[in-house]
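Participant: Pasting a structure here, questions to come.
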Amino acid sequence: MDSVLDLARWQFGITTVYHFFFVPLTIGLSVLVAVMETIWLRTRSQEWLRLTKFFGKLFLINIAMGVATGIVQEFQFGMNWSDYSRFVGDIFGAPLAVEALLAFFLESTFLGLWIFGWDKLPRPLHAACMWIVHLGTLASSWFILAANSWMQHPVGYHFNPTTGRAELDDFGAVMFNKVQLGAFPHVILAAYMTGAAFILGISAVLYVKKARDDRPMYRKGMRLAAVVMVVAGLGVGISGDVQGKIMTDVQPMKMAAAEALWTTSDTHAPFSILTIGTRDGKHKKWALEVPGVLSFLATGHFDERVQGIYNLQKQYEKTYGAKPGTSYYSGGDYTPIIPLTYWSFRWMMGLGVVGALVGLALLWLTRKNKAPSGRWFAVVAISSPIMVLLGNSLGWIFTEAGRQPWVVFGLLTTDQAVSPSVSPAEVWISLLGFTLLYLVLAVVEVGLLVRVVKKGADKFVEPPSPKWREPDDDRDKPLTFAY
Numbered sequence: 001m002d003s004v005l006d007l008a009r010w011q012f013g014i015t016t017v018y019h020f021f022f023v024p025l026t027i028g029l030s031v032l033v034a035v036m037e038t039i040w041l042r043t044r045s046q047e048w049l050r051l052t053k054f055f056g057k058l059f060l061i062n063i064a065m066g067v068a069t070g071i072v073q074e075f076q077f078g079m080n081w082s083d084y085s086r087f088v089g090d091i092f093g094a095p096l097a098v099e100a101l102l103a104f105f106l107e108s109t110f111l112g113l114w115i116f117g118w119d120k121l122p123r124p125l126h127a128a129c130m131w132i133v134h135l136g137t138l139a140s141s142w143f144i145l146a147a148n149s150w151m152q153h154p155v156g157y158h159f160n161p162t163t164g165r166a167e168l169d170d171f172g173a174v175m176f177n178k179v180q181l182g183a184f185p186h187v188i189l190a191a192y193m194t195g196a197a198f199i200l201g202i203s204a205v206l207y208v209k210k211a212r213d214d215r216p217m218y219r220k221g222m223r224l225a226a227v228v229m230v231v232a233g234l235g236v237g238i239s240g241d242v243q244g245k246i247m248t249d250v251q252p253m254k255m256a257a258a259e260a261l262w263t264t265s266d267t268h269a270p271f272s273i274l275t276i277g278t279r280d281g282k283h284k285k286w287a288l289e290v291p292g293v294l295s296f297l298a299t300g301h302f303d304e305r306v307q308g309i310y311n312l313q314k315q316y317e318k319t320y321g322a323k324p325g326t327s328y329y330s331g332g333d334y335t336p337i338i339p340l341t342y343w344s345f346r347w348m349m350g351l352g353v354v355g356a357l358v359g360l361a362l363l364w365l366t367r368k369n370k371a372p373s374g375r376w377f378a379v380v381a382i383s384s385p386i387m388v389l390l391g392n393s394l395g396w397i398f399t400e401a402g403r404q405p406w407v408v409f410g411l412l413t414t415d416q417a418v419s420p421s422v423s424p425a426e427v428w429i430s431l432l433g434f435t436l437l438y439l440v441l442a443v444v445e446v447g448l449l450v451r452v453v454k455k456g457a458d459k460f461v462e463p464p465s466p467k468w469r470e471p472d473d474d475r476d477k478p479l480t481f482a483y
């Protein structure tokens with residue numbers, strides 16, 4: 001930990017993973033709060049309005065933290081990764097600019113209207129504001145994922161040897177990169193699952209702890225969340241399968257690293273559920289394997305050949321040169337850190353499956369107006385958002401770690417991307433500063449969430465439903481906060 005490269009990678013990893021805790025939760029909560037308010041409009045059930053306002057508060061706390069921690073990400077490109085910024089600036093400039101000018105302003109404008117518009121806007125228009133906020137989160141995700149997908153599979157560009165930069169040729173190719181088309185539904189469905197798990201866990205805790213009169217309301221919240229968890233979980237599995245096949249096509253080393261497949265398997269490549277091996281992941285001592293599953297994940301057929309790490313290493317040496325300058329990786333050369341990719345891939349899938357099963361179990365336990373009880377029920381339910389959040393983060397860790405030693409696949413290695421003029425001491429200062437700041441923000445976030453959750457949903461108050469004023473009505477009522 002004395003080199004700029006190692007320190008910069010740790011800093012980027014810490015801040016990015018921390019920020020990503022808030023991203024799927026923001027996307028998932030925005031759509032579920034919009035659904036709850038829409039159900040209230042259609043049914044006029046006061047319980048759905050109470051749930052809308054309650055989870056709306058939690059959504060606002062989360063999105064505020066997400067924005068605050070997200071700002072750091074772009075600053076880091078110029079701080080520690082200036083050569084990377086210089087290389088990809090022409091490509092990244094367009095999608096990130098559109099994301100900031102279109103998606104972010106769409107979210108912030110209509111979120112403000114939703115917060116302050118309870119007594120200003122007609123009810124259908126007020127509900128539409130949250131739907132537009134959700135569309136803004138989807139648009140923001142699209143542009144950011146397009147930039148990331150270009151790093152995984154560069155398209156629509158040419159390399160300018162005079163400037164030493166990748167320059168944009170086809171904006172449409174970047175926006176509709178096949179990696180993007182696979183990643184976007186997978187990430188969004190995982191976000192829906194995350195938001196639903198959050199609502200399920202909190203509703204279950206309040207169902208157990210709050211007064212009996214409020215239990216039917218929290219039961220409704222649990223049921224809605226459980227349905228979304230199961231449906232979104234199925235979608236995550238299907239989209240993940242599609243994404244795995246695209247990944248095998250454009251980044252075969254990542255798929256081999258996901259299984260720690262060192263030698264090429266001719267047919268029926270196995271998928272290991274559990275492996276005990278050497279520390280570097282090169283040799284296995286014992287493994288619980290299912291024949292053919294890796295072949296299916298990679299190619300769609302159980303009897304297809306899957307290339308191993310050793311074979312791919314030789315191919316990459318011929319294509320890109322024998323010494324990419326990444327000797328600090330455990331495998332060296334063009335091999336990512338195998339234990340990290342192997343276990344992050346499995347924990348990602350395992351936690352996602354368990355989260356979906358929790359939702360399915362809750363649907364069964366609450367069928368036909370049945371009411372589960374006991375602290376065990378609340379403990380299991382509150383663990384579901386933790387599991388799904390960790391699964392999301394491990395998925396991103398696998399995606400980014402499995403691409404190493406490339407920061408832009410086939411074009412720029414990570415050691416070539418770091419800022420040449422930054423000293424280890426400077427990175428240490430920013431690393432410790434951000435880490436301490438994020439610890440403080442974590443305490444604030446958890447404290448605010450716990451405070452709101454302990455209070456529970458507010459009592460029902462019928463909100464006004466103002467009509468559009470006549471042109472000659474110049475009365476101006478002051479803005480009032482929704483809560």
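By full-length UniProt numbering, the letter at position 2 of the sequence shown is numbered 2, and the numbering carries on one by one without gaps. A virtual CB, placed ideally from N, CA and C, is assigned to each residue, including glycine.
Would you call the segment 380 to 399 in contact with the segment 354 to 370, where contact means no fewer than 3 C-beta pairs closer than 8 Å?
Facilitator: Segments in contact, yes.
Participant: CA-CA distance, L7 and N80?
Facilitator: Counting from 1 along the sequence shown, the entry for residue 7 is found at position 7. Counting from 1 along the sequence shown, the entry for residue 80 is found at position 80. About 9 Å.
Participant: For G240, count neighbouring Cβ atoms within 10 angstroms of its own Cβ and tell me buried if that reaches 16, exposed if not.
Facilitator: What you label residue 240 is simply residue 240 of the sequence shown in a count that begins at 1. Classification for G240: buried.
Participant: First and last residue of the alpha helix (DSSP H) that includes R42?
Facilitator: On the sequence shown, position 42 is the one that residue 42 refers to. Per DSSP, R42 belongs to the alpha helix (DSSP H) from V4 to T43.
Participant: Is the segment 89 to 108 in contact with the segment 441 to 461, if contact means three or more CB pairs nearer than 8 Å?
Facilitator: In short, these stretches do not touch, since the Cβ pair count stays below three.
Participant: Skipping 5 residues on each side, what residues in its chain have a beta carbon closer than 6 Å to that of G182?
Facilitator: Taking the sequence shown and counting its residues from 1, the one referred to as residue 182 is at position 182. Closer than 6 Å at the Cβ level, and outside the excluded window around G182, lie V242, Q243 and I246.
Participant: Starting from W118, trace the alpha helix (DSSP H) both ways and give me its first and last residue.
Facilitator: Along the sequence shown, one-based indexing puts residue 118 at 118. It is not in any alpha helix (DSSP H) - W118 carries neither H nor E in the DSSP assignment.
Participant: Judging by CA-CA distance, which residue of T435, L312, R451 and F398 is the nearest neighbour of Q11?
Facilitator: Position 11 of the sequence shown, counting from 1, holds the residue named residue 11. It is T435.
Participant: Does DSSP put H268 in a helix, a strand or coil?
Facilitator: Here residue 268 corresponds to residue number 268 of the sequence shown, with the count starting at 1. Here H268 sits in coil by DSSP.
Participant: Under the rule that 16 or more other beta-carbon atoms within 10 Å means buried, what is T194, buried or exposed?
Facilitator: Numbered from 1 along the sequence shown, position 194 holds the residue referred to as residue 194. Result: buried.
Participant: Between which two residues does the alpha helix (DSSP H) holding L60 run?
Facilitator: Counting from one through the sequence shown, the residue named residue 60 turns up at place 60. Segment Q46 to M79, the alpha helix (DSSP H) holding L60.
Participant: Report the three-state DSSP secondary structure of R305 (helix, strand or coil).
Facilitator: By 1-based counting over the sequence shown, the position of residue 305 is 305. If DSSP states are grouped into helix, strand and coil, R305 belongs with coil.
Participant: Taking all protein chains shown into account, decide if R50 is buried (16 or more other Cβ within 10 angstroms of its Cβ) or exposed.
Facilitator: Residue numbering aside, residue 50 sits at position 50 when the sequence shown is read from its first letter. Classification of R50: buried, given that the 10 Å Cβ count is 16 or more.
Participant: For T366, I'd like the list of residues in its chain whose CB is within less than 7 Å of its CB, leaving aside the five on either flank, ordered along the chain.
Facilitator: Residue mapping note: residue 366 aligns to position 366 of the sequence shown, counting from 1. Closer than 7 Å at the Cβ level, and outside the excluded window around T366, lie R219, M222, R223 and P372.
Participant: Run through DSSP, which three-state label would P466 get?
Facilitator: Position 466 of the sequence shown, counted from the start, is the residue given in the question as residue 466. The answer is coil: DSSP assigns P466 none of H, G, I, E or B.
Participant: Leaving out five residues on either side along the sequence, give the residues of the same chain with a beta carbon under 7 Å from the beta carbon of F92.
Facilitator: Mapped onto the sequence shown, residue 92 falls at position 92. Closer than 7 Å at the Cβ level, and outside the excluded window around F92, lie A147.
Participant: With H, G and I counted as helix, E and B as strand and the rest as coil, what does DSSP make of Y157?
Facilitator: Position 157 of the sequence shown, counted from the start, is the residue given in the question as residue 157. Y157: strand per DSSP, three-state reduction.
Participant: Output the boundary residues of the beta strand (DSSP E) element that contains F166.
Facilitator: Within the sequence shown, the letter at position 166 stands for residue 166. The sequence as given places Ala at residue 166; Phe does not occur at that position. Counting along the chain, the beta strand (DSSP E) containing A166 begins and ends at R165 to L168.
Participant: For the beta strand (DSSP E) containing W428, name the first residue and the last one.
Facilitator: For the purposes of this step, residue 428 is taken as residue 428 along the sequence shown, with counting starting at 1. First-last for W428: P424 to K455, but that is the alpha helix (DSSP H), not the beta strand (DSSP E).
Participant: If we call anything under 7 Å between Cβ atoms a contact, is A260 one with G359?
Facilitator: Within the sequence shown, numbered from 1, the residue matching residue 260 stands at position 260. Within the sequence shown, numbered from 1, the residue matching residue 359 stands at position 359. The answer is no: Cβ separation not under 7 Å.
Participant: N177: buried (16+ other C-beta within 10 angstroms of its C-beta) or exposed?
Facilitator: By 1-based counting over the sequence shown, the position of residue 177 is 177. N177 should be labelled buried.
Participant: For W406, report the span of its beta strand (DSSP E) as first-last.
Facilitator: Position 406 of the sequence shown, counted from the start, is the residue given in the question as residue 406. Unbroken beta strand (DSSP E) run through W406: W406 to V408.
Participant: What is the DSSP secondary structure of I273, counted as helix, strand or coil?
Facilitator: Numbered from 1 along the sequence shown, position 273 holds the residue referred to as residue 273. Looking at I273 - three-state DSSP - the assignment turns out to be strand.
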